[in-house]
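J.: To convert a position in the sequence shown, counted from 1, into this note's numbering, add 3. By construction, the Cβ of each residue, glycine as well, lies at the ideal position given by its N, Cα and C atoms. As the structure is a prediction and not an experimental result, all values here were calculated from the model.
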Amino acid sequence: PTDFTARKGEPQILLTLKRVKATDKNSDPQPKEMPPVATRDEELRKTLPGTWGHKNEDWLTMFTLNSDGTFSSRRSYTKKFGKLFNEDVTSSGNWKLAEGVVICTVTASTDKDSRNQVFSYRIRSITATELIAVDQFGQLRREWKTR
């Protein structure tokens, strides 16, 4: 890196770690246990179903995860030029959750290149209204829940 900074809105994170001696009275020599993956997946399965939105400079994507393991999505161009020459892309398929990763398989799509594609998203955090995940390309995604 050319510098050690992290600005708001950029994908970099500045993390400062401090070594704590085991004899320090404020330290906890035993690492805190993480919740079992199965428990986290069970919680995620309850929170994930619904319609989530994602927008970048070219597309607005609305993605509905159903509790039965199916999904549907609609991707629309956000720029006037794109809207003029491109139709919305609708897709559907199946999704599953494995160790905090949502895996989606497209079974039908108006975009022939999307059919039979598999996409994955590792969930970093989720609330009732917001989801932050890393996609299969390593890109951070921020989704908002619409319903």
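Just checking my contact of GLU146 with TRP55 at CB under 8 Å: how many whole Å lie between their CB atoms?
T.: As a first step, residue 146 is located in the sequence shown; it is residue number 143 there, counting from the start. As a first step, residue 55 is located in the sequence shown; it is residue number 52 there, counting from the start. Correct: roughly 4 Å between the Cβ atoms.
J.: If the criterion is Cβ atoms closer than 8 Å, does the pair THR67 and ARG78 meet it?
T.: Along the sequence shown, read from residue 1 onward, the residue named residue 67 stands at position 64. Along the sequence shown, read from residue 1 onward, the residue named residue 78 stands at position 75. It is not a contact, given that the beta carbons lie outside the stated cut-off.
J.: Helix, strand or coil for GLU46? Go by DSSP, reduced to three states.
T.: Your numbering for residue 46 matches position 43 in the sequence shown. Looking at GLU46 - three-state DSSP - the assignment turns out to be helix.
J.: Would you report the Cα separation of GLN120 and THR73, rounded to the nearest angstrom?
T.: Taking the sequence shown and counting its residues from 1, one reaches residue 120 at position 117. Taking the sequence shown and counting its residues from 1, one reaches residue 73 at position 70. About 15 Å.
J.: How big is the Cα-Cα spacing for THR93 and THR132?
T.: Here the question's residue 93 lines up with position 90 in the sequence shown. Here the question's residue 132 lines up with position 129 in the sequence shown. Rounded to the nearest angstrom, the two C-alpha atoms are 23 Å apart.
J.: Give me the Cβ distance between TYR124 and ARG150, rounded to the nearest whole Å; I'm assuming they're in contact under 8 Å.
T.: Numbered from its first residue, the sequence shown carries residue 124 at position 121. Numbered from its first residue, the sequence shown carries residue 150 at position 147. Contact flag wrong, Cβ pair sits at about 19 Å.
J.: Report the residue from ALA9, SER112, ALA111, ALA101 whose alpha carbon sits nearest the alpha carbon of ILE126.
T.: In the sequence shown, residue 126 corresponds to position 123, counting from 1. Here the closest residue by C-alpha is ALA101.
J.: Please report how far the alpha carbon of THR8 lies from the alpha carbon of ARG118, in whole angstroms.
T.: One-based indexing of the sequence shown puts residue 8 at position 5. One-based indexing of the sequence shown puts residue 118 at position 115. Roughly 41 Å separates the two Cα atoms.
J.: At least one CB of chain D closer than 8 Å to the CB of THR73: is that the case?
T.: Here there is only one protein chain, and chain D is not present.
J.: In three-state terms, what does DSSP make of PHE88?
T.: On the sequence shown, position 85 is the one that residue 88 refers to. Helix.
J.: Suppose contacts are defined by Cβ-Cβ distances below 8 Å. Is LEU47 in contact with GLY96 by that definition?
T.: Reading the sequence shown from its first residue, position 44 is the one you call residue 47. Reading the sequence shown from its first residue, position 93 is the one you call residue 96. Contact flag unset, no.
J.: Excluding the 5 residues preceding and the 5 following THR110 in the sequence, name in chain order all residues of the same chain whose CB lies nearer than 7 Å to its CB.
T.: Reading the sequence shown from its first residue, position 107 is the one you call residue 110. Closer than 7 Å at the Cβ level, and outside the excluded window around THR110, lie SER95, GLY96, ASN97.
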